[in-house]
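K.L.:
Position one of the sequence shown corresponds to residue 74 (our numbering), numbered consecutively onward.
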Amino acid sequence: MQTSLAIILSILVALLLSVMPLPEPVSLARPMWLALVLSCWVMALPHRVGLLTAWLAGLLSDVLFGQLFGQNALVMTLVVWMVLLLYQRIRRFPLWQQSLVMLPVFGIAQMVALWLNSLSGNRPPTLLFLLPAVVSAVLWPWVFSLLRGVRRRFHVN
């Protein structure tokens, strides 16, 4: 029970960080917190956190942001699917190389989100839409290390 609670709480914190108010220039570079946390848990515990967890967390994100129902769920499921495909290779890399591998994963997720936004009529005018993917890749080593510490501290298996 304690292990599931740590995973659920970290996902809820990621959701809260996603809606935390930021100044306008900084909000353009808001990290993809939910994708970061889900990716970390998938890398550590692929048998516990998978596509269903990503879908449910994405649905929570859709409700929280008031976006088209299933939009973030699709994007989070795509991120987790790509990490599941690559996690055995990525785990062997040092953290800085992992962040280089995660950059295209987050970038593809942002491009799919851009495509889904354009289908619903909400298309941002510039390529600054990809900035959160870059910021998320830069934050990857710290978020991964933090969640690894949580995993060891609370014996999450």
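Ideal placement from N, C-alpha and C gives every residue a C-beta, glycine not left out.
#1: Which runs of the alpha helix (DSSP H), 4 residues or longer, sit entirely within the region 177 to 223?
#2: Among L189, L89, R121 and M105, which one has its Cα closest to the Cα of I80?
#3: Does the Cβ of G139 have 16 or more other Cβ atoms within 10 Å, making it buried, or fewer, making it exposed?
#4: For the alpha helix (DSSP H) containing G131, list its first residue and its last residue.
#5: How is L107 classed by DSSP in three states: helix, strand or coil?
#6: Under a three-way DSSP split, which group does A79 fall into?
#7: Determine the direct distance from the alpha carbon of L85 to that of L141, and round the result to whole angstroms.
#8: Once the 5 residues before and after D135 are set aside, which same chain residues still bring their CB inside 8 Å of it?
#9: Could you have a look at P98 and say whether DSSP puts it in helix, strand or coil?
#10: Would you check if the distance between the CB atom of P205 and the CB atom of P104 is smaller than 8 Å?
#11: What does a CB cutoff of less than 7 Å around V164 pick up in its chain, not counting 5 residues either side in sequence?
#12: For L159, tell me which candidate among P119, R226, H228 and L201 has the shortest Cα-Cα distance.
#13: Following the continuous alpha helix (DSSP H) through N145, name the residue where it begins and the one where it ends.
#14: Are the Cβ atoms of A210 and F179 separated by less than 8 Å?
P.N.:
Let me lay it out:
#1: none
#2: R121
#3: exposed
#4: L124 to F138
#5: Looking at L107 - three-state DSSP - the assignment turns out to be helix.
#6: helix
#7: Approximately 20 Å between the Cα atoms of the pair.
#8: Scanning its chain for C-beta atoms nearer than 8 Å, with the 5 sequence neighbours on each side dropped, one finds around D135 the residues L141, F142, G143, Q144, N145 and A146, in chain order.
#9: helix
#10: In this structure, P205 sits near P104, with a CB-CB distance shorter than 8 Å.
#11: According to the sequence displayed, residue 164 carries Arg and not Val. Once the five neighbours on either side are set aside, the close Cβ partners of R164 are M116.
#12: P119
#13: Q144 to I163
#14: The Cβ-Cβ distance between A210 and F179 falls below 8 Å.
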